[in-house]
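Read the structure below first, then the notes.
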Amino acid sequence: MMKTVRPILALLAVLLTAAVVFAREDHRAYRELTLPECAECHIGSGVPPNHGGGWQKEHRVLAASPNRNCYHCHDQATCQNCHKGGGLGAPLSRSEWKRDIAPENHRTDWISIHPIQAQSTPQQCSRCHEPTFCQNCHSVQKKNSMTIYSHQKTATGQSYITTNPGAHAAEARRNLASCQSCHPDADACLPCHSARTGLKINPHPTSFKGGNIQSRTGNRTCNVCHDF
Amino acid sequence: MATFGSRLLLTGSLLLLTLAPAGALAADIKAQSSTQYLWYNDPFQDRNQGDLLQYVKFSATKIDAANRFSTVGYGRVSQQFDSSNEAARGDSDDVLGRIYFLYLNYAFSEDRGDIRLGRQFVAVGAGSGTIDGARVDVRNYGPVAISVFGGYNVVFAETTDRTETGNYLTGASAGGSFFKGNNVEVSYLRKYDESDVVRETAGLHVDQTVLEKIKGYADLRYDIVHEAYGEFLAGIHAVPFSERMLTLTAEYYSSYPTFDADTVYTVFAVTRYQEALGRVDWIVNPEWTLYGSYTRADYDGPTANVGTFGVRNRSKSVKGLTVNASLDIRRGYPGDLTGCRASADYAFGKKALLAAGAAYDSFQRDSMQDGFNAKKFWAGGSYAVRKDMVVKVRVEDAVDRLSSNEIQGRASVDFSF
Numbered sequence: 000m001m002k003t004v005r006p007i008l009a010l011l012a013v014l015l016t017a018a019v020v021f022a023r024e025d026h027r028a029y030r031e032l033t034l035p036e037c038a039e040c041h042i043g044s045g046v047p048p049n050h051g052g053g054w055q056k057e058h059r060v061l062a063a064s065p066n067r068n069c070y071h072c073h074d075q076a077t078c079q080n081c082h083k084g085g086g087l088g089a090p091l092s093r094s095e096w097k098r099d100i101a102p103e104n105h106r107t108d109w110i111s112i113h114p115i116q117a118q119s120t121p122q123q124c125s126r127c128h129e130p131t132f133c134q135n136c137h138s139v140q141k142k143n144s145m146t147i148y149s150h151q152k153t154a155t156g157q158s159y160i161t162t163n164p165g166a167h168a169a170e171a172r173r174n175l176a177s178c179q180s181c182h183p184d185a186d187a188c189l190p191c192h193s194a195r196t197g198l199k200i201n202p203h204p205t206s207f208k209g210g211n212i213q214s215r216t217g218n219r220t221c222n223v224c225h226d227f
Numbered sequence: 000m001a002t003f004g005s006r007l008l009l010t011g012s013l014l015l016l017t018l019a020p021a022g023a024l025a026a027d028i029k030a031q032s033s034t035q036y037l038w039y040n041d042p043f044q045d046r047n048q049g050d051l052l053q054y055v056k057f058s059a060t061k062i063d064a065a066n067r068f069s070t071v072g073y074g075r076v077s078q079q080f081d082s083s084n085e086a087a088r089g090d091s092d093d094v095l096g097r098i099y100f101l102y103l104n105y106a107f108s109e110d111r112g113d114i115r116l117g118r119q120f121v122a123v124g125a126g127s128g129t130i131d132g133a134r135v136d137v138r139n140y141g142p143v144a145i146s147v148f149g150g151y152n153v154v155f156a157e158t159t160d161r162t163e164t165g166n167y168l169t170g171a172s173a174g175g176s177f178f179k180g181n182n183v184e185v186s187y188l189r190k191y192d193e194s195d196v197v198r199e200t201a202g203l204h205v206d207q208t209v210l211e212k213i214k215g216y217a218d219l220r221y222d223i224v225h226e227a228y229g230e231f232l233a234g235i236h237a238v239p240f241s242e243r244m245l246t247l248t249a250e251y252y253s254s255y256p257t258f259d260a261d262t263v264y265t266v267f268a269v270t271r272y273q274e275a276l277g278r279v280d281w282i283v284n285p286e287w288t289l290y291g292s293y294t295r296a297d298y299d300g301p302t303a304n305v306g307t308f309g310v311r312n313r314s315k316s317v318k319g320l321t322v323n324a325s326l327d328i329r330r331g332y333p334g335d336l337t338g339c340r341a342s343a344d345y346a347f348g349k350k351a352l353l354a355a356g357a358a359y360d361s362f363q364r365d366s367m368q369d370g371f372n373a374k375k376f377w378a379g380g381s382y383a384v385r386k387d388m389v390v391k392v393r394v395e396d397a398v399d400r401l402s403s404n405e406i407q408g409r410a411s412v413d414f415s416f
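Right under this line is the structure:
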């Protein structure tokens, strides 16, 4: 019995010691400092501060860790001010979008430039915005005003099938969220991709796991195109 | 339906605040308030609008004798003038409220964890969100830290926030440091819509620091519904010369965008996005910080090259002056962009601050026939009228594709008490 217990106790002792020995510096005493002031101390410590030039991308992983120490210096307003547009204590460098304070990565002429950002890093927009955020503006955009390759202007409106059938598929696969921003119910997709009507072109990926979606949503999603 | 979660949150928090501290002391309450007026041009209506906003953030500690209970909150109410009442796009003449967080916290002794009840931002490796619910964090009992949460999923709509019965967010994570320089974390997130599971994700994070100079890390989000690796990040941070504060980073990131299972987009094929990044951060001395990065992005066919260079200076010779400048260059899919930004602020002791900046972007999306330029100039300042009262003004002038001269700004009076 003791032979079994001893290694477990030894392991526990090692783990507990590790937890104490490798505990990180408590930064609560320094929470009022500015970043340059942090650097003054860190230069002597040999540990570079991590709020560097790539911090906007980097912080996601560290902030989600159970061992995060963000709360030593920040409260949740730091998260919500950037992710949800809060404006208490907003730096003077930050611009606004209507009632909300915009984050630093929203550049000049954001209405014109945002497609580059949205298409360049899939999933980035959804870290802060709901799909409805896109739809609210795109729904009032005049039809026939889109300038993307796959939506060529025609005499009757816009068409991507007759003029450029391959382009819309490639564009959609690269950035399906942009399709959703104007076609939230996939009204433009279903005439050809539904299993009920039209060309019945299969839109699923090759290793499609439809059973998972079916079981979790009780056919709610599948019934859009299929009869069960 | 829309306010059920909020009602529950408010009722629960008030009840707990009343019942929890049996031997209550006079609580230590701190608060910040900001009354702001924003003026801008609405691009959809091409007319000027104005918004009046009132922010309040507060914390109450020392509620009980052992100082275990505390409560914090942050929210705003806003009133828009001259709007078109298009609430979906953020326009409404109604007085609207938004609660960012409002929760009661019970802290275990010796920083061993917390129990939080109320509205709060939650984040684990598998995903993040805002909930009206509960979170339990347990740490410092051993090498493993555990976090469990669940509640109504809070959606921040354009003008307010809402929760609905059947829409929930739950999750958990466990992680710890098992030997020197090591961290391992596993996490799980589940999102419900109309009581159906629409998102189910597992997360794994591993990092290891060796010789106190090199840290390798990997972070994975696995989409259980689609049985696909939604996001994968692996990288190395190296600090070759610690006395020089030079950090070198190399990263690989891969993204396979998936959708909530209740939208038909969840069944469509998508392609994987990949990027490789190299970055240098160098704190030259307390005055100068430099950073630069290069990213090669691959969109399953088209590619892009992205470069960034930035500098920060806090002058020793001109005390109180800080200067920032950055240059961003993008070439390739889905468009080209060259942009630069510069800003400076000068603090007159602790009472006043003047700040100004300019930004310039030259861009051409792949879909555009021509390229465009956009400029933005801004200036602002703050002045501490009293120790607890600061007034701020910021004015911005933008010249871009849609407007030749668009002025917007904000003025605020901030109190802390």
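Taken in sequence, the protein lines are chains A and B. Using numbering that gives the first Met the number 0, the letters of the first sequence correspond one by one to residues 0 to 227. Using numbering that gives the first Met the number 0, the letters of the second sequence correspond one by one to residues 0 to 416. From the three backbone atoms N, C-alpha and C, an ideal C-beta is built for every residue, glycine too.
| task | Examine chain A for any beta-carbon lying closer than 8 Å to the beta-carbon of R134/B, and answer yes or no. | result | So, not an interface residue.
| Terminal residues of the beta strand (DSSP E) in which I406/B lies | E405 to S415
| Contacting positions in the segment 398 to 410 of chain B - beta carbon closer than 8 Å to chain A | Taking a C-beta cut-off of 8 Å against chain A, the contacting residues of the segment 398 to 410 of chain B are D399, R400, L401, Q407 and R409, listed in chain order.
| query | Looking only at C-alpha atoms, which of Q35/B, Y167/B, R161/B and D136/B sits nearest to G149/B? | reply | Y167/B
| message | I'd like to know whether the C-beta of T307/B is nearer than 8 Å to at least one C-beta of chain A. | response | yes
| Can R340/B and A354/B be called in contact, C-beta distance under 8 Å? | In this structure, R340/B lies away from A354/B, with their beta-carbon atoms at least 8 Å apart.
| query | For a contact meaning CB atoms closer than 7 Å, what does C228/A contact in chain B? | reply | Here chain A comprises residues numbered 0 to 227, so residue 228/A is not present and cannot be evaluated.
| Closest by CA to F267/B, which one among R219/A, S214/A, R215/A and H192/A? | Considering only alpha carbons, the answer is H192/A.
| said: Contact criterion: CB-CB distance below 8 Å. Does K199/A meet it with respect to chain B? | reply: no
| Does S119/A get closer than 8 Å to chain B when you measure Cβ to Cβ? | yes
| query | Using 8 Å as the limit for Cβ to Cβ distance, is D226/A near chain B? | reply | no
| D186/A at chain B interface by Cβ criterion, 8 Å | no
| query | Are Y102/B and T70/B closer than 8 Å when you measure CB to CB? | reply | yes
| query | Got a sec? Which residues, its chain only, sit under 8 Å from A171/B by beta carbon, not counting five neighbours each side? | reply | V123, I145, S146, V147, F148, S186 and Y187
| Contacts that T270/B makes with chain A (C-beta to C-beta distance below 7 Å) | R172 and R173
| For H225/A, three-class secondary structure by DSSP | Residue state, collapsed to three classes: coil.
| request: Answer yes or no: does any C-beta atom of chain A fall closer than 8 Å to that of D299/B? | output: yes
| said: Beta-carbon within less than 8 Å of V94/B's beta-carbon, same chain only, minus the 5 sequence neighbours each way: which residues are those? | reply: V76, S77 and Q78
| task | Could you tell me whether any Cβ in chain A is nearer than 8 Å to the Cβ of G277/B? | result | no
| query | Is the CB-CB distance between Q31/B and D81/B below 8 Å? | reply | no
| query | Where are the beta strand (DSSP E) runs, 3 residues long or more, that stay fully inside the segment 174 to 253 of chain B, in chain order? | reply | 181 to 192, 195 to 209, 213 to 222 and 227 to 237
| Roughly how many angstroms separate the alpha carbons of Y36/B and G175/B, rounded to a whole number? | 46 Å
| Using DSSP with H/G/I as helix, E/B as strand and the rest coil, what is R371/B? | The sequence given here places Phe at residue 371/B; Arg does not occur at that position. Strand, per DSSP.
| said: Using a Cβ-Cβ cutoff of 8 Å, what residues of the segment 382 to 396 of chain B are near chain A? List them in chain order. | reply: K391, R393 and E395
| Would L247/B pass as a contact of V279/B if the rule is Cβ separation under 8 Å? | yes
| task | Going by CA-CA distance only, name the one from E157/B, N152/B, R111/B and A125/B that's closest to V135/B. | result | R111/B
| query | Who pairs with A59/B in a beta bridge, going by DSSP? | reply | In DSSP, A59/B forms a bridge with I28/B and T70/B.
| message | Can you give me the C-alpha to C-alpha distance between P333/B and N182/B, rounded to a whole angstrom? | response | 37 Å
| Would the C-beta of R111/B count as close to the ligand COA, meaning under 7 Å from any of its heavy atoms? | Judged by which ligands are present, the structure shown has none, so any question about the ligand COA falls away.
| message | Using the Cβ count rule (16 or more neighbours within 10 Å means buried), how would you classify V317/B? | response | exposed
| task | Determine which residues of the segment 146 to 159 of chain B have a Cβ less than 8 Å from any Cβ of chain A, and write them out in chain order. | result | S146, V154, F155, A156, E157 and T158
| message | Within 10 Å of its beta-carbon, does T294/B have 16 or more other beta-carbons around it, so buried, or fewer, so exposed? | response | So T294/B counts as buried.
| query | If we count the other Cβ atoms within 10 Å of its Cβ and call it buried at 16 or more, is T107/A buried or exposed? | reply | Burial is judged here by how many other beta carbons sit within 10 angstroms of a residue's own beta carbon; T107/A has at least 16 and is buried.
| query | Ordered along the chain, which non-local residues of its own chain (more than five positions away) have a Cβ less than 8 Å from that of A357/B? | reply | R340, A341, S342, K374, K375, F376 and W377
| task | Could you pull out every residue in the same chain whose Cβ sits closer than 7 Å to the Cβ of H26/A, ignoring the five residues on either side in sequence? | result | N68, H71 and C72
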